[in-house]
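Going by the working numbering, the first residue of the sequence shown is number 6, and it counts up by one from there. We treat Cβ as the ideally placed atom computed from N, Cα and C, and that holds for glycine. Comments concern the structure below.
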Amino acid sequence: MSKITFDKPGNFLYPLPAVMVSCTDKEGHNNIITIAWTGTVCSDPAMVYISVRKERHSYPMIKETGEFVINLPSEDLTYALDKAGCTTGKKIDKFKELGLTPAKSNIVDCVSIAEAPVCLECKVTQVLELGSHDMFLAEVVSVSVDEKYLDEKGVFHMDRCNLVAYEHGAYRKMADTIGTFGYSVRKK
Ligand SMILES: Cc1cc2nc3c(=O)[nH]c(=O)nc-3n(C[C@H](O)[C@H](O)[C@H](O)COP(=O)(O)O)c2cc1C
Numbered sequence: 006m007s008k009i010t011f012d013k014p015g016n017f018l019y020p021l022p023a024v025m026v027s028c029t030d031k032e033g034h035n036n037i038i039t040i041a042w043t044g045t046v047c048s049d050p051a052m053v054y055i056s057v058r059k060e061r062h063s064y065p066m067i068k069e070t071g072e073f074v075i076n077l078p079s080e081d082l083t084y085a086l087d088k089a090g091c092t093t094g095k096k097i098d099k100f101k102e103l104g105l106t107p108a109k110s111n112i113v114d115c116v117s118i119a120e121a122p123v124c125l126e127c128k129v130t131q132v133l134e135l136g137s138h139d140m141f142l143a144e145v146v147s148v149s150v151d152e153k154y155l156d157e158k159g160v161f162h163m164d165r166c167n168l169v170a171y172e173h174g175a176y177r178k179m180a181d182t183i184g185t186f187g188y189s190v191r192k193k
């Protein structure tokens, strides 16, 4: 294999999730921001991060309340996912424009997106100023999933949610399963 090296190193860590983060300010205004710089950082306590530029309308909402919800988009929410990332809450009410429903969350005061199949309620524990983006490290305090993806035994099937992946500017469908955790060492 022969590789070329880019002159300027950049963010080439793909695929990753692109998510719709909902937030509510202290006056009760709701907003949605699309975030691709997000990920899991710890299992116990369950912790995630989102990285947000200071100039985003959502930035002070999350900074001041210390709360946000990560809403995982299903394929049918791809248009809304993109539009929430190309428009600002400074000018429009994104819930209204995108036809999405603000739903009361379990623990946090900010709203979740009712149409999203999976919602992770988060409380910020640290804000790291990194450069272009500030990283909000947060604990996941509640997880809700659409009950239609539970089977008769109550087992949640995430593969049935048709979640969206983000790869270098493109929204992509999840592909076929090509292995499962531990399959390489499992006894046949
Ligand atoms: C796919 C995608 C991923 C994005 N990821 C981020 C991100 O990780 N951090 C960020 O600050 N902005 C990100 N953006 C840009 C914001 O979503 C965009 O500036 C949005 O208009 C901000 O909304 P707001 O001003 O209402 O907060 C992304 C946009 C798209 C379309």
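Collapsed DSSP secondary structure at residue i in the structure displayed
{"i": "T39", "result": "strand"}
{"i": "P65", "result": "helix"}
{"i": "D49", "result": "coil"}
{"i": "A180", "result": "coil"}
{"i": "K88", "result": "helix"}
{"i": "F141", "result": "strand"}
{"i": "E72", "result": "strand"}
{"i": "F17", "result": "coil"}
{"i": "E126", "result": "strand"}
{"i": "R191", "result": "coil"}
{"i": "F186", "result": "coil"}
{"i": "E172", "result": "strand"}
{"i": "L105", "result": "coil"}
{"i": "F100", "result": "helix"}
Spatial distance of residue i from residue j (CA atoms)
{"i": "D195", "j": "M6", "result": "Nothing can be reported for residue 195: it is not among the residues displayed for the chain, which extend from 6 to 193."}
{"i": "A180", "j": "L168", "result": "10 angstroms"}
{"i": "G71", "j": "V150", "result": "23 angstroms"}
{"i": "G90", "j": "K193", "result": "46 angstroms"}
{"i": "T106", "j": "D12", "result": "45 angstroms"}
{"i": "G94", "j": "W42", "result": "19 angstroms"}
{"i": "G214", "j": "K96", "result": "In this structure the chain extends from 6 to 193, so residue 214 is not present and cannot be described."}
{"i": "L135", "j": "V190", "result": "39 angstroms"}
{"i": "E144", "j": "T10", "result": "37 angstroms"}
Inter-residue CB distance, residue i and residue j (contact presumed, cutoff 8 angstroms)
{"i": "C127", "j": "I75", "result": "6 angstroms"}
{"i": "Y19", "j": "H173", "result": "5 angstroms"}
{"i": "V176", "j": "R165", "result": "It should be noted that the sequence gives Tyr, not Val, for residue 176. Going by Cβ atoms, the distance from Y176 to R165 rounds to 19 angstroms, so no, they are not a contact pair."}
Residue i beta carbon near ligand 1 (any heavy atom closer than 7 angstroms)
{"i": "G94", "result": "yes"}
{"i": "A108", "result": "no"}
{"i": "G136", "result": "no"}
{"i": "H173", "result": "no"}
{"i": "S27", "result": "no"}
{"i": "G15", "result": "no"}
{"i": "A170", "result": "no"}
{"i": "D30", "result": "no"}
{"i": "H162", "result": "no"}
{"i": "D151", "result": "no"}
Nearest residue (CA-CA) to residue i, options the options
{"i": "T45", "options": "N35, L142 and H162", "result": "L142"}
{"i": "S117", "options": "E134, L77 and E144", "result": "L77"}
{"i": "P39", "options": "I112, K8, H162 and Y64", "result": "The question names Pro, but residue 39 in the sequence shown is Thr. Per the Cα distances, Y64."}
{"i": "P122", "options": "E69, T182, D81 and I37", "result": "D81"}
{"i": "P22", "options": "T10, I55 and K31", "result": "I55"}
{"i": "E194", "options": "E69, P14 and G15", "result": "Within the shown structure, residues of the chain are numbered from 6 to 193, placing residue 194 beyond reach of any answer."}
{"i": "H34", "options": "L133, D98 and A170", "result": "D98"}
{"i": "V57", "options": "I67, V145 and P50", "result": "I67"}
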